[in-house]
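What follows is one structure encoded as structure tokens, with my remarks underneath.
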Amino acid sequence: MGTPENRLSAYLASLANRKLSADTRHRVAQSLLDWFTAGYSGAAMAASHDLRKLATTLFPGQSNATVFGGTSAVSLMGAAFCNAGITHLREIDDAHRTAMLHPGIVTVTPVLALATSLPMTQQQFEAAIVAGYEVAIRAGEVLGSGHAGKFHMTATAGSLAAAAASAVALGLDAVRIHHALGIAATQAAGLWQFVDDQAHESKALHPAFAVRNGLTAAYAAQAGYRGAQHFMNGARGLYALLHGQGDPALLDRELGVTDRISSTTIKPWPTCGQLFTVVDATQALINTHDIRANDIESVDIAIFPQALRIAKVDWPIKPAETCFSGRYCVAILLLTGKLGIQETENPDLADPRLLALADRITLQARPDYANAFPDRRPGTVTIRFKNGETISASHDIRQGDPEAPFDWAALEDRLRNLAPGITEQKAVAIGAWCAGQQHNPPQAAFTPPTPDLFH
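With my numbering, letter number 286 in the sequence shown gets 353, and the count goes up by one each step, no holes.
Next comes the structure, spelled out in structure tokens:
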């Protein structure tokens, strides 16, 4: 029978020989386009320079791997570390409701880095992507909200995901994959304390560490190192020690029934995903009413309590905090009709019109919304006008959730909208490369994206 960890590892090893469904292959292509969108968007930020410099300092050397906005003169580990951080800078990388993490950046990043130096088939490439998502989401759901409230799931479960993706890409068997997951688990860490200490800039390091951990674990397992076998459910495993609160049976329940990559959320806004439903509700009101900021008497925002564990910035004092402030996001959207890259990266936080509107906005957690989390993220926005009129909108499903997905054309438009400075020629080339992956013959040699697609 084996253990849940053992059964999961065996399943991951089998993916390289399993025919993926057309839907799963399409979701892989979507995930690649989401990854490029996040990378191009992050590469336009000044913080990406710091990540490139840090990566070359920590991991000197050269390889065929390329980093966003930089050069190919970097080691494989350096490129993976750097790209994982850059793709998280703008908070637009994909997410998952019940696993409460960003699965794509810790999955796609190491596989594409490995593919520049390791020959693999199209099927093996796609299997590695599917494996990373599978582990990210299953581990996240097992660890649950108790863990997510204290640890950054992308850093913890993300380390396991990066190990799974890397191990499948390296062609490891079930035994070695199991060891890789155990070695990754012993590195899993990521504190939310940075939020309390206003150190938001360090958040992008968490996926970078996770990818470093995962690659290290996979290479170590390949070299013969053994890892913890009961890494999740053991007496001193992740679940016991890191505030696990989910159902441990989810680690291997219904393996192969539905590929978990199909349950991800692609983010519509460049903000913390905990705020999406209130932003969506605000946009819905703007779409259906003629709203002028000067006519507003008050705005009341009600949100599920768990959101404020992460999106807890009352009002930003620096750009890095804008995407964690519900009051700011709603205020700028009502004032300008926009909530894009400009509004989050280069905000005019001293704008008297913005401050005047913000003074009329309150945000509170509604205890009765708590039980819907994490499957639903309830949010309500109520606007009262000076003439006595009141309008309100409530959302619990976010645009980009599996129930409200983007189509391919919308994803290509999203690339153009969220990646400042990208040329039309580059956007078309990236879209074509990503879309083509779902149609390439499974046994054909995988062709990595060319360096020019990264800058």
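Here a beta-carbon is modelled for each residue, glycine too, at the ideal position from N, C-alpha and C.
{"query": "With a CB to CB cut of under 6 Å and the five nearest residues on each side skipped, what residues in its chain are close to Gly257?", "result": "Phe218, His219, Ala222, Thr223 and His273"}
{"query": "Taking one C-beta from the region 359-375 and one from the region 450-460 each time, how about it: are there three or more such pairs within less than 8 Å?", "result": "yes"}
{"query": "In or out: Pro419 buried (at least 16 other Cβ within 10 Å) or exposed?", "result": "exposed"}
{"query": "Could you check the C-alpha separation between Trp500 and Pro516 for me, to the nearest Å?", "result": "7 Å"}
{"query": "Regarding Asp415 and the ligand ZN, is the C-beta to nearest heavy atom distance less than 7 Å?", "result": "Among the ligands in the structure shown, none appear at all, so the ligand ZN cannot be discussed."}
{"query": "Quick one: any contact between the region 103-119 and the region 478-487, if contact means 3 or more CB pairs under 8 Å?", "result": "yes"}
{"query": "Bridge partners of Gly446, per DSSP?", "result": "Ile370 and His462"}
{"query": "Mapping the DSSP letters down to three states, classify Ala224 as helix, strand or coil.", "result": "helix"}
{"query": "Helix, strand or coil: which one does DSSP assign to Leu421?", "result": "helix"}
{"query": "Quick check on the burial criterion: 16 or more other C-beta atoms within 10 angstroms. Buried or exposed for Gln504?", "result": "buried"}
{"query": "Taking 8 Å as the threshold (C-beta atoms), are Pro472 and Met167 in contact?", "result": "no"}
{"query": "Please list, in chain order, all residues of the same chain as Ser76 whose beta carbon is under 6 Å from its beta carbon, the five residues on each side excluded.", "result": "Ala241, Ile244 and His245"}
{"query": "Taking Leu75 as part of the beta strand (DSSP E), name the residues at either end of that continuous run.", "result": "Looking at the DSSP string, Leu75 is not in any beta strand (DSSP E); the run it does join, the alpha helix (DSSP H), is Pro71 to Ser81."}
{"query": "Within 10 Å of its beta-carbon, does Ser233 have 16 or more other beta-carbons around it, so buried, or fewer, so exposed?", "result": "buried"}
{"query": "Give a yes or no on contact between the region 169-177 and the region 124-136, applying the rule of three or more CB pairs nearer than 8 Å.", "result": "no"}
{"query": "Any idea if Ser226 is buried or exposed, counting beta-carbon neighbours within 10 angstroms, 16 or more meaning buried?", "result": "buried"}
{"query": "Under the three-state reduction of DSSP, which class applies to Thr429: helix, strand or coil?", "result": "strand"}
{"query": "Going by beta carbon distance, what residues of the same chain come within less than 6 Å of Glu470, once the five residues before and after it are set aside?", "result": "Ile464"}
{"query": "According to DSSP, is Glu364 part of a helix, a strand, or is it coil?", "result": "strand"}
{"query": "Please determine if the region 198-214 and the region 308-321 are in contact, where contact requires at least 3 C-beta pairs separated by less than 8 Å.", "result": "yes"}
{"query": "Would you say Val262 and Lys385 are within 8 Å of each other, going by their C-beta atoms?", "result": "no"}
{"query": "According to DSSP, is Ala295 part of a helix, a strand, or is it coil?", "result": "coil"}
{"query": "Which of the three DSSP states, helix, strand or coil, is assigned to Ala252?", "result": "helix"}
{"query": "Whose CA, out of Ile250, Gly213 and Thr188, lies closest to the CA of Leu237?", "result": "Thr188"}
{"query": "Starting from Met144 and walking both ways along the alpha helix (DSSP H), at which residues does that stretch end?", "result": "Leu143 to Ile153"}
{"query": "Beta-carbon within less than 8 Å of Gln431's beta-carbon, same chain only, minus the 5 sequence neighbours each way: which residues are those?", "result": "Asp367, Ile368, Ala369 and Ile370"}
{"query": "Applying the 10 Å Cβ sphere with the 16-neighbour rule, what's the burial state of Gly323?", "result": "exposed"}
{"query": "When you compare the CB positions of Val141 and Ala195, do they come within less than 8 Å of one another, or not?", "result": "no"}
{"query": "Answer yes or no: do Thr344 and His462 have a C-beta to C-beta separation smaller than 8 Å?", "result": "yes"}
{"query": "Excluding the 5 residues flanking Thr332 on each side, which residues of the same chain have their C-beta closer than 8 Å to its C-beta?", "result": "Asp161, Ala162, His163, Arg164, Gly340, Arg465, Gly467, Asp468 and Pro469"}
{"query": "In whole angstroms, give me the CA-to-CA distance for Gly291 and Thr283.", "result": "12 Å"}
{"query": "Just reading off the alpha helix (DSSP H) that Ala122 is part of, what are its end residues?", "result": "Ala114 to Leu125"}
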